[in-house]
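Read top to bottom, the protein sequences are chains A and B.
For the first sequence, this note's numbering assigns the number 1 to the initial residue and increments by one for each residue that follows.
For the second sequence, this note's numbering assigns the number 454 to the initial residue and increments by one for each residue that follows.
From the three backbone atoms N, C-alpha and C, an ideal C-beta is built for every residue, glycine too.
Structure, as structure tokens:
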Amino acid sequence: MLNLVGSRRGHFCDGISRRSFLKVGGLAMGGLVLPQLLRAEAAAGVGRSHKSIIMVFLSGGPPHQDMFDLKMDAPVEIRGEFRPIHTSVPGIEICEHLPRLAGMMDQLVPIRSIVGSEGRHAAFQCQTGQTVKRQPAGGWPSFGAVVSKLQGPAAAGTPPFVGLAPRMRNATWADPGQAGFVGQAHAPFTPNASGEVNLTLNGIDLETLGDRNALMQNLDRLRREVDSSGEIAGLDAYHQQALGILTSNRLAEALDLDREDPKLRDRYGRGDNVNAGYGDAGPLQNDYFLAARRLVEAGVRVVTLAYGRWDWHGRPHGTNFENARDHLPQLDIGLSALLEDLQARGLQDDVSVLVWGEFGRTPRINKKGGRDHWPRVSCALLAGGGIRAGQVIGSTNRLGEHAETRPVHFQEVLATMYRNLGIDVNRATVNDFHGRPRYLVDHSLYQPMPELV
Amino acid sequence: MAACFCSQTDETSLLTTNDLPAMEPTHIFRHPNAAYGAAFSPDGKRLATASLDNTAKLWSLESGDELLTLRGHGDGVCAVEFLDEGKQVATASLDKTVRIWAADSGTLLASLSGHQNYLTSFAVSADETLFATGGFDNVARIWQRRGGATLQVLGGFGGPVYAVAFAPSGTELATGCEDQSLQLWDVATGQVRRTFEGHSGVVESLAFSPDGGTLAAALGDQSVRTWDAASGRLLATCTGHTGVVKCVTYSPDGKRLLSGGQDGTLRWWDAASGQQVATVRGHANSVYDVAFSEDGRSVASASFDRFIKVWPTPA
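Structure (structure tokens):
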């Protein structure tokens, strides 16, 4: 969250005495505050044309066979409760609880054969393409951090990488994408990570922030107080730039969904702020989809968000199918709204949307009505970014146990995302802690998916 | 949390059968996560609801307002009941505890613990002196409400105990299990008195008729069945649900049965014949609990779709 605090001698409108310190709490990326970030970004330079990625992480491992790869020829203990429906692309069928996505299948690419999961309950592999084991010093950077490093901000006053995940009990699901060895300057801006609902600027909420007069009065007061102490002169260019971000309103406006037409917000489905499932995963917050669109429109290159709790082992926390009946329609509403909105704004070729989880789920339904972890194969959904949509990639065997054709590794998907951003995974590198150049994916094995480019 | 009083709609279609006019809920309430339980206060003015969001809530049926949220459980709340003419509320939670709260202030008054795994079923004896619970530790427990002492630990189950129900006399307890067993226990001795047969599937919910003569079960085989409690003879089989039947209860006069199921429907049955009287497709997901008001004029349904709805009882 944003916090702007003033002089220890002064008292602001909330009556609380503040220390003379400019802090951008929500922009504190792994302990680094915004000025440091901007300093680092400056070294990275500004990128080329503005392409963006929105990555939706389905925390917990979504059931591939109940979403995009229904197994109607399997026995009932594997087949499950759902029926497939036709889509706008003849021959492609998906779950009955995803009717809106089915209607726009010509814009989508379900991948039915994601392989290489290390089976860990974490966003890590979706964020980095790498496994947690045997990491280099500093850790693997997430793709958002790599993009931040390579391309920098696309627009003044807008960070290149934003993670919308709120705080969760399971921190590995809340992971918006770590900076790793590219450095904390490239960690995401995480406006929801503090668990607070609203941005605050010296106690000013978003509503007040929208009131430029009130905002400027407060900032002017801050400036006067800091100036009188001589401390403003000590602010380096990056601090001043941070102040510029705050006063530009660009980021705050992007996150202020009240500026949207309520009808459009309704179309996205709004959603809940309460974390889903056991409270340890992300909420079914469809506002995040809308916020993601507003952020990429404002110049953010990579937006990540965690959506729902997909770890459905069964009773007493609801069967796999009860949870799916709960989650799938809401995902269907939010995701379809996002894709329609991007299309309506002409952004469909500039913004890539990637939806996936850390692994799939067991073919056999357990005694509690759940499906357990199944790292051997999982699914993903791609859209936008100028890819060749309206096709399914890969297949699993009759029981959904393993990839039968065209296994697709996590790194191939991320290589495709990099390609959509204009980054050549055969050439681009980032230096690790030892100054050694590292490729973004293991490009000897994994390339952008040729079916899509 | 939005409290809704005849104003909020969801996408659930309401369908009635048997030529009844379309039925509309009189109240709609919502938790931010699945709703697992509902109970009317004895005076019919409040509704208590239990949710997988780890809370129970009290709602005014007069104003539609949310009155109170009972926080403190560490996992989903699977059942809720009013005690002492509505002055207290008991909640049972997957966190393995039963808690008693002051219904006016939400103050926690007592907490009972003993289960070694998820607690998933809960019942209060008619005189409110005893509690019964069942859990994923494959046991049922009978507790003294005052002091929380365990009177009996009932074992021998081959799976989680999904259902417990006291006979109106308080001397017998029925249990239903994932292993499909349906048994009647002597509360004083902890011995099995009778086993009920003739069904297949998990026993999801149990209810005694107000006179104690009949035991009804909601079953995984998509049926509701009734047995003569004294002899164990199967009396009726109610069919019509198109999925697991999750919950069942008797009307206060004992003439109707009400069930809710995985198919999102509430179904009213003639208790004697087992004939379906009315159906409403009230929810978009499994119905986990149904309850009659004490005057029998209203029913409440709690669903995994997060909604709790109050309906008029069909004529």
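If one requires a minimum length of 3 residues, the beta strand (DSSP E) runs lying completely within the region 40–108 of chain A are 52–57, 84–86 and 93–95, in chain order.
A contact between stretches requires three or more CB pairs, one per stretch, nearer than 8 Å, and the region 655–670 of chain B meets this requirement with the region 614–628 of chain B. DSSP, reduced to helix, strand and coil, places residue 431 (chain A) within a strand of the structure shown.
Bounds of the beta strand (DSSP E) holding residue 481 (chain B) are 480–483.
Per the C-alpha coordinates, the member of A:75, A:54, A:56 and A:67 positioned closest to residue 398 (chain A) is A:75.
Distance from the CA atom of residue 602 (chain B) to the CA atom of residue 585 (chain B), rounded to whole angstroms, is 12 Å. Chain A has a Cβ within less than 8 Å of the Cβ of residue 737 (chain B). The shortest C-alpha to C-alpha distance from residue 715 (chain B) to any of B:703, B:725, B:728 and B:735 is the one to B:735. For residue 330 (chain A), the enclosing alpha helix (DSSP H) covers residues 320–344. Distance between residue 731 (chain B) and residue 713 (chain B), taken at the CA atoms: about 12 Å. The C-alpha of residue 286 (chain A) is placed about 10 Å away from the C-alpha of residue 267 (chain A). Around the Cβ of residue 450 (chain A), a 10 Å sphere holds fewer than 16 other Cβ atoms; the residue is exposed. For residue 402 (chain A), no Cβ of chain B is located within less than 8 Å of the residue's own Cβ. Under the three-state reduction of DSSP output, residue 689 (chain B) falls in the strand class.
One finds 505, 529 and 547 in chain B with Cβ atoms closer than 8 Å to the Cβ of residue 317 (chain A), taken in chain order.
Contact check for residue 539 (chain B) and residue 495 (chain B): beta-carbon distance about 5 Å, within the 8 Å limit, so the pair qualifies. Chain-ordered, the chain A residues with CB closer than 7 Å to the CB of residue 485 (chain B) read 272 and 274. Straight across, the Cα-Cα distance linking residue 326 (chain A) with residue 757 (chain B) is about 8 Å. Per DSSP, the continuous alpha helix (DSSP H) segment holding residue 262 (chain A) begins and ends at 262–268. At a cut-off of 8 Å between beta carbons, residue 370 (chain A) makes no contact with chain B. DSSP, read as helix, strand or coil, puts residue 147 (chain A) in helix. Counting every other CB atom within 10 Å of its CB across the protein chains shown gives residue 434 (chain A) a total below 16, marking it as exposed. Shown here, residue 670 (chain B) sits in a strand according to DSSP, grouped into three states. Excluding sequence positions up to five before and after residue 582 (chain B), its CB lies within less than 6 Å of the CB of 598, all in the same chain and listed in chain order. Non-local beta-carbon contacts of residue 175 (chain A) in its own chain, meaning distances under 6 Å to residues more than five positions away in sequence, involve 123 in chain order.
Short of 7 Å from the beta carbon of residue 396 (chain A), and not among the five residues preceding or following it, lie these beta carbons of its own chain, in chain order: 69, 112, 113, 377, 402, 403 and 404. Judged by DSSP secondary structure, residue 492 (chain B) falls outside any alpha helix (DSSP H) and instead within the beta strand (DSSP E) spanning 488–493.
In this structure, the alpha-carbon of residue 692 (chain B) lies about 26 Å from that of residue 626 (chain B). Contacts with chain B (Cβ-Cβ distance below 9 Å) from the region 339–365 of chain A involve no residue at all.
For residue 510 (chain B), the beta-bridge partners assigned by DSSP are B:502 and B:522. In this structure, residue 182 (chain A) lies away from residue 137 (chain A), with their beta-carbon atoms at least 8 Å apart. In this structure, the CA atom of residue 661 (chain B) is about 14 Å from the CA atom of residue 575 (chain B).
The alpha-carbon of residue 641 (chain B) is positioned some 15 Å away from that of residue 621 (chain B). Of the residues A:64, A:87, A:380 and A:92, the one whose Cα lies closest to the Cα of residue 79 (chain A) is A:64.
Secondary structure at residue 172 (chain A): helix, using DSSP grouped into helix, strand and coil. Residue 93 (chain A) is classed as buried because its beta carbon has at least 16 other beta carbons within 10 Å across all chains shown.
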